[in-house]
Amino acid sequence: MVLASLLGDYSDNWAHLYDYVLVDYISNTLYLIIGVSLLSLLIGTVTAWIVTTYDFFGKRFLEWALILPLATPPYILAYTFTGFFDAFGTANNFIRDIFSLDQSFIFFPNIRNIYGAVIVFSFTLYPYIYLVSRSAFLNQSRSMLEAGRMLGLSQFEIFYKLSLPIIRPAVIGGLMLVIMETISDFGAVDHFAIQTFTTGVFRTWHGMYDLKTAMQLASILLIFVATFVWIEKISRKKALYTSGTSTFKPTKKIKLLKYKAFISFFICFIPILIGFILPITELIIWAISYNLSFFNEKFLLAAMNTILLSITAAVLCASIALIINFSIRFKKYRFSNFLSSFLSLGYAVPGLILAVGIVQLFALIDQNILFNSDIILTGSIVGLIFAYIIKSYALANSTFESGFQRISTNLDDSARTLKSSGWNLLSRVHLPLLKTSFLTSILMVTSEVVKELPATLILRPFNFDTLAVATYIYAAEERMFQAAAPAIAIMLVGLIPIILLTKMISSSRPMDK
Amino acid sequence: MNKFQKLIITLTTIIFSASALASEVNVYTSRHYDSDDALYAEFTKKTGIKVNIISGNGSALIERLRVEGKNSPADIYFTVDAGNLWKVQKEGYFKAINSESIKSVVPENLRGPNDEWVAIAKRARVIYYNPKSVTKNEINNLSYEDLAEPEWKGRIAIRSSSNMYNQSLVASLISNHGIEKTENWAKKFVTNFARNPQGSDRAQIVAVANGEADIAIANSYYIGIMLSGKSGNDQLEAAKKVKMHFPNQDNRGTHINISGAGILKNSPNSENAIKFLEFLLSEDVQQYMVNISFEYPILDNVDPHASIASFGVGFKEDRTSVADYGKYNPDAIRLMDRTGWK
Numbered sequence: 000m001v002l003a004s005l006l007g008d009y010s011d012n013w014a015h016l017y018d019y020v021l022v023d024y025i026s027n028t029l030y031l032i033i034g035v036s037l038l039s040l041l042i043g044t045v046t047a048w049i050v051t052t053y054d055f056f057g058k059r060f061l062e063w064a065l066i067l068p069l070a071t072p073p074y075i076l077a078y079t080f081t082g083f084f085d086a087f088g089t090a091n092n093f094i095r096d097i098f099s100l101d102q103s104f105i106f107f108p109n110i111r112n113i114y115g116a117v118i119v120f121s122f123t124l125y126p127y128i129y130l131v132s133r134s135a136f137l138n139q140s141r142s143m144l145e146a147g148r149m150l151g152l153s154q155f156e157i158f159y160k161l162s163l164p165i166i167r168p169a170v171i172g173g174l175m176l177v178i179m180e181t182i183s184d185f186g187a188v189d190h191f192a193i194q195t196f197t198t199g200v201f202r203t204w205h206g207m208y209d210l211k212t213a214m215q216l217a218s219i220l221l222i223f224v225a226t227f228v229w230i231e232k233i234s235r236k237k238a239l240y241t242s243g244t245s246t247f248k249p250t251k252k253i254k255l256l257k258y259k260a261f262i263s264f265f266i267c268f269i270p271i272l273i274g275f276i277l278p279i280t281e282l283i284i285w286a287i288s289y290n291l292s293f294f295n296e297k298f299l300l301a302a303m304n305t306i307l308l309s310i311t312a313a314v315l316c317a318s319i320a321l322i323i324n325f326s327i328r329f330k331k332y333r334f335s336n337f338l339s340s341f342l343s344l345g346y347a348v349p350g351l352i353l354a355v356g357i358v359q360l361f362a363l364i365d366q367n368i369l370f371n372s373d374i375i376l377t378g379s380i381v382g383l384i385f386a387y388i389i390k391s392y393a394l395a396n397s398t399f400e401s402g403f404q405r406i407s408t409n410l411d412d413s414a415r416t417l418k419s420s421g422w423n424l425l426s427r428v429h430l431p432l433l434k435t436s437f438l439t440s441i442l443m444v445t446s447e448v449v450k451e452l453p454a455t456l457i458l459r460p461f462n463f464d465t466l467a468v469a470t471y472i473y474a475a476e477e478r479m480f481q482a483a484a485p486a487i488a489i490m491l492v493g494l495i496p497i498i499l500l501t502k503m504i505s506s507s508r509p510m511d512k
Numbered sequence: 000m001n002k003f004q005k006l007i008i009t010l011t012t013i014i015f016s017a018s019a020l021a022s023e024v025n026v027y028t029s030r031h032y033d034s035d036d037a038l039y040a041e042f043t044k045k046t047g048i049k050v051n052i053i054s055g056n057g058s059a060l061i062e063r064l065r066v067e068g069k070n071s072p073a074d075i076y077f078t079v080d081a082g083n084l085w086k087v088q089k090e091g092y093f094k095a096i097n098s099e100s101i102k103s104v105v106p107e108n109l110r111g112p113n114d115e116w117v118a119i120a121k122r123a124r125v126i127y128y129n130p131k132s133v134t135k136n137e138i139n140n141l142s143y144e145d146l147a148e149p150e151w152k153g154r155i156a157i158r159s160s161s162n163m164y165n166q167s168l169v170a171s172l173i174s175n176h177g178i179e180k181t182e183n184w185a186k187k188f189v190t191n192f193a194r195n196p197q198g199s200d201r202a203q204i205v206a207v208a209n210g211e212a213d214i215a216i217a218n219s220y221y222i223g224i225m226l227s228g229k230s231g232n233d234q235l236e237a238a239k240k241v242k243m244h245f246p247n248q249d250n251r252g253t254h255i256n257i258s259g260a261g262i263l264k265n266s267p268n269s270e271n272a273i274k275f276l277e278f279l280l281s282e283d284v285q286q287y288m289v290n291i292s293f294e295y296p297i298l299d300n301v302d303p304h305a306s307i308a309s310f311g312v313g314f315k316e317d318r319t320s321v322a323d324y325g326k327y328n329p330d331a332i333r334l335m336d337r338t339g340w341k
């Protein structure tokens, strides 16, 4: 639906956009992508490397705590960041109080700019990279690393000469998610007043009342992402990344002591501090200084809705991704390959635009297929779940893609000689091996749906609230004190899947203990 | 029809059972307050009519109205910006509100053309200033137009041009002066900014309190919220340091925007919808609403909240038709883009 807009007419607003603002939109978006990619790659891979290679005090804690920032929606981090670091925010007041400095003294620089945005996105989204790199590091063959050591490579050289290249496909998958979420975000960049492609889309739609041009802008964004995905696929087509052997020997951990242990702990703790502890502390302060009357029936209902919806959507989404990925691997259908890439793009579309595309699609279905019944998809729970699946398919897909890659194709061949194929192969051979991928994708989708807002707002039935909606209602007017309580609830509900995920991680490799 | 379809239909019928109720009114709204629920409960108690709500972004709700077409369950569209009301009317989704009692209490410039929508509450876009750094002489009779003068260089705080309140303000200037004059004004105005546009209206007020800027343009009700202490001590302290000035008192008056609502053409419960709007425009409800939102009431015999009234009541309001804000909004955005108002 969104892409279809490209075929329509182009209004005069294009000339205006081209003359005055398009360059800004493109350059800001590019800076953002480059900055966030570099920083989140750095955080994600380095922390994953440290917790998988070394053993030190607090490692067990860090291993799962590093995923926590996934529970923080970027816009919430942006709001708390400004509350904290603004010229007269908590941090600057604190510094002034300690050193009894003059009111005009400002210690922390202004963060309402593109650098601030890069930090916000990197520290909330790096877990996507951390998760995949961590499991890839765990799965890499021990003999390779030992060979590296024998050749006299230092730990650092092993990291970037051997380990990093090997985990590249997995990391790129994670990085794609980070990039897609960054460019589709509206809340955080709008708060920092940075003009990106997505804010341009909304400006054109809401202000110039030109939905068509807005959709066309969004389509250009999509084509850009699609090209990126395509180039990446081509570049790794020739290389086969499945490991030849399936005998797995866990890599031996190097024990760190004293200051080295402290430094490692410190490095891994910073992302948790910035991406999780800081925002939730600020939110709690806000919530307390307001009042706690939000724990009423309505709030509980919103929480229930959120949980039920997210789990239903997640299970369906993960199942669909599994089947599509299986048929790509086994039957090599071109169609499923295309379908998968196409659905993945849903993640990169700004939420409201995706929601409008879906509403239009539903209207089409409602009027042409269901026209003689009084049932409509628009404004129904079914419609809502459908929208969530489109929005978060990319998350489920990326886990299965890397999951399937790790299963040696030799295994398929042996299974086929044993006359196992189709459903049988999937359920008896692949599924047990993919159990972790399946659960991971369920949990990732769950935590995404918990945070999802724009589609919920426009597609939901009457009198139906989720936690994200409750937060939005206040945050939209920047009444952050009132928004704080439901925002904490989002983070807490989002924590449930994350904690399960981490439990799974620690039990997935029993030999690891 | 196979089993799967039957299942889907049963499920959706269950989920949709709410819309089978006889006495109800369905509201699409982009206005959200804590107190709304209490207000709707009161309406139900008085009339027996249940209020169903979908709240969301104004433009997105218009899109939902469009695709739902004739089947839309919506009775009322309620929003916080005149531009959106104008847009809905232009699409032809509203119908005239046939209520003599509404016509008798709401002045004409606060009703849409052909009475297709009506204001529920008003807000003014005012100037906040720091009495420490702005002299009486400077602030007296200050107008929006004066802010382009070189004496204000580096002294003005205002939020980004993506904000609809700024778009409406510029649209009202276009309506009064035309595009060319407004553009010349904006070019100079932009060079007077104390910092790159950022943050909310309240952040501008805080900037003035802290001396980052000398004056700020922001909506009137924010100072009421800040003074109420509901948004924390820091904001309360900041609000105490600033004063409010109503611009353009010696000519057309201060820029006004509205919260407003209209009844939809395909409304299945339009009788109830009229009752609902009449309810919102009744004396008690107006008093209740403005006491919570710190907006200005529509009815003459209702007073704004005391903390807002302390800055002055009975100031001269700009009578420019609020419908013009919508009409000139696209021009306003293009103009702000051209002048580099980020």
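First to last, the protein sequences are chains A and B.
Position one of the first sequence corresponds to residue 0 (numbering that gives the first Met the number 0), numbered consecutively onward.
Position one of the second sequence corresponds to residue 0 (numbering that gives the first Met the number 0), numbered consecutively onward.
Think of the CB as a built atom: it goes at the ideal place given N, C-alpha and C, for glycine as much as any other residue.
From a predicted model like this one, the values you see are computed outputs, not experimental measurements.
Tell me which same chain residues have a C-beta within less than 7 Å of the C-beta of S263 of chain A, skipping the five on either side of it?
-> I49, Y53, F55, L255.
Could you tell me whether the stretch 200-213 of chain B touches the stretch 123-133 of chain B, using the rule of 3 or more Cβ pairs below 8 Å?
-> Cβ pair count under 8 Å is three or more, so yes.
Could you check where the alpha helix (DSSP H) with V468 of chain A kicks off and where it finishes?
-> 466-474
Rounded to whole angstroms, how far is the Cβ of A95 of chain B from the Cβ of E115 of chain B, which I believe are closer than 8 Å?
-> 6 Å
Can you name the start and end residues of the alpha helix (DSSP H) that Y346 of chain A belongs to?
-> No alpha helix (DSSP H) holds Y346 of chain A; DSSP gives it neither H nor E.
Could one say the Cβ of A317 of chain A lies closer than 8 Å to chain B's Cβ atoms, at least one of them?
-> no
Return helix, strand or coil for K242 of chain B, following the three-state DSSP convention.
-> In this structure, DSSP gives K242 of chain B an extended state, which the three-state scheme calls strand.
Within the stretch 275-322 of chain A, ranges of the alpha helix (DSSP H) (whole runs, at least 4 residues) | Whole alpha helix (DSSP H) segments, 4+ residues: 277-288.
Report yes if the CB atom of A81 of chain B is closer than 8 Å to the CB atom of V321 of chain B, and no otherwise.
-> The Cβ atoms of A81 of chain B and V321 of chain B sit closer than 8 Å to each other.
Identify the residues that DSSP records as bridge partners of I441 of chain A: which are they?
-> Paired residue(s): none; I441 of chain A is not in a bridge.
Give a yes or no on whether the minimum CB-CB distance between K341 of chain B and chain A is below 8 Å.
-> yes
Since S161 of chain B meets chain A, which of its residues come closer than 9 Å, beta carbon to beta carbon?
-> D189, A192, Q194, T198, F201, R202, H205, G206
How would you list, in chain order, the residues of chain A whose beta-carbon sits under 7 Å from the beta-carbon of S54 of chain B?
-> I472
Please report the residue range of the alpha helix (DSSP H) in which Y387 of chain A lies.
-> For Y387 of chain A, the uninterrupted alpha helix (DSSP H) run begins and ends at 380-405, by DSSP.
Does K230 of chain B get closer than 8 Å to chain A when you measure Cβ to Cβ?
-> Sequence inspection shows Ser at residue 230 of chain B; the Lys mentioned does not correspond to that position. Answer yes: the Cβ-Cβ gap between S230 of chain B and chain A drops below 8 Å somewhere.
Any chain B beta carbon closer than 8 Å to F385 of chain A | It does not: the Cβ of F385 of chain A has no partner Cβ on chain B nearer than 8 Å.
Can you tell me whether DSSP reads N247 of chain B as helix, strand or coil?
-> coil
Using a Cβ cut-off of 8 Å (strictly closer), state whether G261 of chain B contacts chain A.
-> no
Do F122 of chain A and G274 of chain A have their C-beta atoms closer together than 8 Å?
-> yes
Identify whether V117 of chain B lies in helix, strand or coil by the three-state DSSP scheme.
-> Of the three classes helix, strand and coil, the one that applies to V117 of chain B here is strand, per DSSP.
Nonlocal neighbours in the same chain, by C-beta distance under 8 Å from L334 of chain B, ignoring five residues either side = V169, I173, I178, T181, E182, A185
Identify, in the order they occur along the chain, each residue of the same chain with its Cβ nearer than 7 Å to the Cβ of K512 of chain A, setting aside the five sequence neighbours on each side.
-> With a pLDDT of 32 at K512 of chain A, under the threshold of 50, the predicted position of this residue should be treated as unreliable, though the coordinate-derived value follows. The answer is none, since no qualifying residue turns up.
Reference I388 of chain A, options A:V449, A:E400, A:L433, closest by Cα | Selected option, being the one with the closest Cα: A:V449.
Start-to-end residues for the beta strand (DSSP E) that takes in I75 of chain B = 75-78
When the Cβ atoms of the stretch 216-235 of chain B are set against those of the stretch 49-65 of chain B, are three or more pairs found closer than 8 Å?
-> no
What is the C-beta distance between S262 of chain B and I273 of chain B, in whole angstroms, given that I count them as a contact (C-beta under 8 Å)?
-> As written in the sequence, residue 262 of chain B is Ile, which differs from the Ser given in the question. Right, the Cβ-Cβ distance comes to about 7 Å (below 8 Å), so this counts as a contact.
What three-state label does DSSP hand R154 of chain B in the structure shown?
-> In the structure shown, R154 of chain B adopts coil according to DSSP, grouped into three states.
Own chain partners of D35 of chain B with C-beta closer than 7 Å, once the 5 adjacent residues on each side are dropped | none
Given a limit of 8 Å on CB to CB distance, which residues of the stretch 351-363 of chain A reach chain B?
-> L351, A354, V355, V358, Q359, F361, A362
Would you identify the three-state DSSP class for I204 of chain B, choosing helix, strand or coil?
-> helix
Alpha-carbon to alpha-carbon, A474 of chain A and E180 of chain A = 20 Å
What does DSSP give as the partner residues of K49 of chain B in its beta bridges?
-> Note: K49 of chain B is bridge-paired with B:E23 in the DSSP secondary-structure output.
Less than 8 Å separating the beta-carbons of I489 of chain A and T470 of chain A?
-> yes
Comparing the C-beta of V20 of chain A with each C-beta of chain B, is any distance below 8 Å?
-> yes
E282 of chain B to A313 of chain A span [Cα, whole Å] | 49 Å
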